[in-house]
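Asks:
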Amino acid sequence: MRTTIFVSLFVLTACGVAPNEDAPAESMEANDPSLVTREGFAAAGLAWPLTVESGRLGCTQMARWVEVNGTRYGLNGLASAERGYAELEDIWAVDEDMMAEFADAGAVDIPTVRINIGDMSSQADAFCE
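Just so you know, the sequence shown maps onto residues 878 to 1006 in the numbering used here.
#1: Less than 7 Å between C-beta atoms, sequence neighbours within five positions excluded: which residues of the same chain meet that for Ser957?
#2: Going straight from the alpha carbon of Ala982 to that of Gly995, what length do you get?
#3: Where do the N-terminal and C-terminal ends of the alpha helix (DSSP H) with Gly995 fall, by residue?
#4: Just the Cα atoms here: how many angstroms apart are Ile987 and Ala980?
#5: Tell me which same chain residues have a C-beta within less than 8 Å of the C-beta of Met975, skipping the five on either side of it?
#6: Suppose the cutoff is 8 Å on Cβ atoms and the five residues either side in sequence are ignored; what does the same chain contact list for Asp909 look like?
#7: Identify whether Glu966 lies in helix, strand or coil by the three-state DSSP scheme.
#8: On the DSSP bridge assignment, give the partners of Gly951 in chain order.
#9: Consult DSSP for Gly983 and reduce its assignment to one of helix, strand or coil.
#10: What's the C-alpha gap between Gly922 and Ile992?
#11: Between Gly947 and Glu978, what straight-line distance do the alpha-carbon atoms span, to the nearest angstrom?
#12: So, using beta-carbon positions, are Arg915 and Trp925 closer together than 8 Å?
#13: Quick check on Gly935: does DSSP put it in helix, strand or coil?
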C-alpha cells in the first residue's frame, strides 16, 4: 500500500513540473495559436498571401492584423494606416500566376494583382472578441 501511495504521489508531482524555461522559442511558439506559417497554411489548404514565412495573427476592436518582426499590418479596412497599422502591401505577395495570365491574354497597363488575403483574414477573425 505504501508503495502505491508513493508511486501515485511521484506521478502527480512529476505532472506538475513547470515547463523548461530554457526551451527554444520555436518549441514554445508551437503551442501559440496566433503563430501562422506558410507551411501550416499549405497543409490546411489555405492560400499564403505574404512574402515572409511566418507571422502572428490578431484582432483588436475588429481590426484584423498580422504581425511580422514587431510590425502590425492591417488585414481589413478597420486596420488602416490611420489607426496605426502598417500597409500590407509592404509584405503582400504579388499573384504572379494571375499577372502572367493577364499578360498572355494581351492585357496592358493592368494594376498589380495580389494573392487573396481572405484565408488569412478569416483565420485572424478567430482572435476577435
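Where a beta carbon is used, it is the ideal one built from N, C-alpha and C, also for glycine.
Replies: Judging by the given coordinates:
#1: Cβ within range, chain order: Gly951.
#2: A straight line joining the alpha-carbon of Ala982 with that of Gly995 spans about 26 Å.
#3: For Gly995, the enclosing alpha helix (DSSP H) stretches over residues 995–1001.
#4: Pairing Ile987 with Ala980, the inter-Cα distance amounts to about 9 Å.
#5: Excluding sequence neighbours, Met975 sits near Val990.
#6: Sequence-distant partners of Asp909 (beyond 5 residues in either direction) whose C-beta falls short of 8 Å from its own C-beta, in its chain, are Arg933.
#7: Shown here, Glu966 sits in a helix according to DSSP, grouped into three states.
#8: Trp942, per the DSSP bridge assignment.
#9: If DSSP states are grouped into helix, strand and coil, Gly983 belongs with coil.
#10: Just so you know, the alpha carbons of Gly922 and Ile992 end up roughly 14 Å apart.
#11: Rounded to the nearest angstrom, the two C-alpha atoms are 35 Å apart.
#12: The Cβ atoms of Arg915 and Trp925 sit closer than 8 Å to each other.
#13: Three-state result, Gly935: strand.
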